[in-house]
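S.K.:
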Amino acid sequence: MSAAVAEKVDDDLWSAIGDPTRRRMLDLLLVEGEGTATTLGQQLPVTRQAVAKHLGVLDRVGLVRATPVGRERRYRVDDAQLARAVAQLSSVGSAWDARLQRIKRIAEAIQRTQQDSQQH
Amino acid sequence: MEFGSIEREIFVEAAPDIVFDVVSSPDHLKQWWPDDARYEPTPGSTGELVFGRGEDGGAAVPFTVVEARPPRMFSFRWTHPADEAAREGNSLLVTFDLTPSGGGTLLRMTETGFREMGWGAAVLEQQFQEHVHGWDFFLPRLAPYVATLEVSP
Chain W
1 MSAAVAEKVD
11 DDLWSAIGDP
21 TRRRMLDLLL
31 VEGEGTATTL
41 GQQLPVTRQA
51 VAKHLGVLDR
61 VGLVRATPVG
71 RERRYRVDDA
81 QLARAVAQLS
91 SVGSAWDARL
101 QRIKRIAEAI
111 QRTQQDSQQH
Chain E
121 MEFGSIEREI
131 FVEAAPDIVF
141 DVVSSPDHLK
151 QWWPDDARYE
161 PTPGSTGELV
171 FGRGEDGGAA
181 VPFTVVEARP
191 PRMFSFRWTH
201 PADEAAREGN
211 SLLVTFDLTP
221 SGGGTLLRMT
231 ETGFREMGWG
241 AAVLEQQFQE
251 HVHGWDFFLP
261 RLAPYVATLE
271 VSP
């Protein structure tokens, strides 16, 4: 994959999961295993057409895979691409706040243990 | 604010050599970040971080130690493709700088490479803000799910 293509994929992946409706759709697909624009539309405050459009975005970045069923398309979450997105997200800022707090807690616990053992 | 990097600073009431150990050793790393960490904490060493557990071993992300200067500095690259050497443009660079301060340690963390990896600065910033809420409820559900996956990102 060329650098330019990789760049496009990453930008699109981030855009795809940056939208709250699409995250909600992924969530529903994870819980239910699969869904169509119709079944998802029944559970979301948006039209079936809007759901179909969002599914198209998720499909293009590989987060979902479609199988034709009659006149509809049935969607499932793509495990590999989702794990990749999660791994990327876990690198972002808020995650570091939590990590640094844990680093602080662990280091300070070790420091206290060493001081205690010196005193005894 | 520089959009291409994340910078954080925290004061730790522990000596620099202890803090250095916590930010660099794989045994400690997996206590504050991934579920498993496999690498030698020496410059040039390559390995992986593993997120999630499960029969298949979770999702592995490549990890390469860049510099290790105890007890002052530790840096590594991660998220590069498994079959490529880590370099600018294909990975994120995390650097820990440790400064002795009043009996403790001032720990500074920077993560850079977002811009180089092609995540547009404004897009990243905006989505970062959105993610904080969206993923607060989403990620806890994902963790057990991702743990069942067999993936090499």
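First to last, the sequence lines map onto chains W and E. Under this note's numbering, the first sequence has 71 at position 71, and the numbering climbs by one with no breaks. Just so we're on the same page, this note's numbering is the position in the second sequence counted from 1, plus 120. Cβ coordinates follow ideal geometry from the N, Cα and C atoms, glycine included.
(1) Determine the chain W residues that contact H148 of chain E at a beta-carbon separation under 7 Å, and present them in chain order.
(2) Thinking S145 of chain E and P161 of chain E are a contact (beta carbons under 8 Å), I'd like their distance in whole angstroms, please.
(3) DSSP three-state call for G41 of chain W: helix, strand or coil?
(4) Looking at the structure shown, is P20 of chain W part of a helix, part of a strand, or coil, going by DSSP?
(5) According to DSSP, is T47 of chain W part of a helix, a strand, or is it coil?
(6) Listed from N- to C-terminal order along the chain, which residues in the region 131-145 of chain E have their beta-carbon within a distance smaller than 7 Å of any beta-carbon of chain W?
(7) Against chain E, with Cβ distances strictly below 8 Å, would A83 of chain W count as a contact?
(8) Please confirm whether A241 of chain E has its beta-carbon closer than 8 Å to some beta-carbon of chain W.
(9) D156 of chain E lies in the beta strand (DSSP E); which residues open and close that run?
(10) Suppose the cutoff is 7 Å on Cβ atoms and the five residues either side in sequence are ignored; what does the same chain contact list for A16 of chain W look like?
(11) With the cut-off set at 8 Å, would you say G298 of chain E and D155 of chain E are in Cβ contact?
(12) Just how far apart, CA to CA, sit V53 of chain W and R84 of chain W?
(13) Could you give the distance in angstroms between the alpha-carbon of G33 of chain W and the alpha-carbon of D78 of chain W?
(14) Step through the CB atoms of chain W and report whether any lies within less than 8 Å of the CB of E231 of chain E.
(15) Going by the CB atoms, is the gap between W152 of chain E and I203 of chain W shorter than 8 Å?
(16) Would A179 of chain E pass as an interface residue toward chain W - the criterion being a Cβ-Cβ separation below 8 Å?
(17) E116 of chain W: buried (16+ other C-beta within 10 angstroms of its C-beta) or exposed?
(18) Go ahead and label G70 of chain W buried or exposed: buried means 16 or more other beta carbons lie within 10 angstroms of its beta carbon, across all protein chains shown.
(19) Taking 8 Å as the CB-CB limit, is L227 of chain E close to chain W?
(20) Can you tell me which residues form a DSSP beta bridge with A98 of chain W?
(21) Thinking C-alpha only, which one of E:T219, E:F183, E:P220 and E:E231 is nearest A157 of chain E?
(22) To the nearest angstrom, report how far apart E172 of chain W and A37 of chain W are at their CA atoms.
(23) Thinking Y75 of chain W and L55 of chain W are a contact (beta carbons under 8 Å), I'd like their distance in whole angstroms, please.
M.R.: Judging by the given coordinates:
(1) In the second sequence, residue 148 of chain E corresponds to position 28, counting from 1. Result: I106.
(2) The residue given as residue 145 of chain E occupies position 25 in the second sequence. The residue given as residue 161 of chain E occupies position 41 in the second sequence. About 6 Å separates the two Cβ atoms, so the contact holds.
(3) The residue you call residue 41 of chain W lines up with position 41 of the first sequence. The answer is helix: DSSP assigns G41 of chain W an H, G or I state.
(4) Here the question's residue 20 of chain W lines up with position 20 in the first sequence. DSSP places P20 of chain W in helix when its eight states are reduced to three.
(5) As a position in the first sequence, residue 47 of chain W is number 47, starting the count at 1. Three-state DSSP puts T47 of chain W in coil, outside helix and strand.
(6) V132, E133, A134, A135, I138, V139, V142 and V143
(7) Residue numbering aside, residue 83 of chain W sits at position 83 when the first sequence is read from its first letter. Yes, because at least one Cβ of chain E sits closer than 8 Å to the Cβ of A83 of chain W.
(8) Counted from its first residue, the second sequence places residue 241 of chain E at position 121. Only weak support exists for where A241 of chain E lies, its pLDDT of 37 falling under 50; the coordinates are left without a value.
(9) As a first step, residue 156 of chain E must be located in the second sequence, where it is residue number 36. Unbroken beta strand (DSSP E) run through D156 of chain E: D156 to R158.
(10) Walking along the first sequence from the start, residue 16 of chain W turns up at place 16. Counting only Cβ-Cβ distances below 7 Å, and skipping sequence neighbours, we find R22, V57, L58, V61 and L63.
(11) An answer regarding residue 298 of chain E cannot be provided, because it is not within the stretch 121 to 273 covered by chain E.
(12) Taking the first residue of the first sequence as position 1, residue 53 of chain W is located at position 53. Taking the first residue of the first sequence as position 1, residue 84 of chain W is located at position 84. The question names Val, but residue 53 of chain W is Lys in the sequence shown. Those two C-alpha atoms are separated by around 23 Å.
(13) Here residue 33 of chain W refers to the residue found at position 33 of the first sequence. Here residue 78 of chain W refers to the residue found at position 78 of the first sequence. C-alpha separation (whole angstroms): 11 Å.
(14) Residue numbering aside, residue 231 of chain E sits at position 111 when the second sequence is read from its first letter. It does: the Cβ of E231 of chain E has a partner Cβ on chain W nearer than 8 Å.
(15) Absent from the model: residue 203 of chain W. The displayed extent of chain W is 1 to 120, so no value can be given.
(16) Position 59 of the second sequence holds residue 179 of chain E. It does; some Cβ of chain W falls within 8 Å.
(17) Along the first sequence, one-based indexing puts residue 116 of chain W at 116. A small correction: the amino acid at residue 116 of chain W is Asp; Glu does not occupy that position in the sequence shown. Label assigned to D116 of chain W: exposed.
(18) As a first step, residue 70 of chain W is located in the first sequence; it is residue number 70 there, counting from the start. The residue is exposed, with fewer than 16 neighbouring Cβ atoms inside 10 Å.
(19) Position 107 of the second sequence, counted from the first residue, corresponds to residue 227 of chain E. So yes, L227 of chain E belongs to the interface.
(20) Position 98 of the first sequence holds residue 98 of chain W. BP columns for A98 of chain W are empty, so no partner.
(21) On the second sequence, residue 157 of chain E is found 37 positions in, with the first residue counted as 1. The residue with the shortest Cα to Cα distance from A157 of chain E is E:F183.
(22) Residue 172 of chain W falls outside the range modelled here, since chain W spans only 1 to 120, and no answer is possible.
(23) If you number the first sequence from 1, residue 75 of chain W lands on position 75. If you number the first sequence from 1, residue 55 of chain W lands on position 55. Sure, about 6 Å apart at Cβ, within 8 Å.
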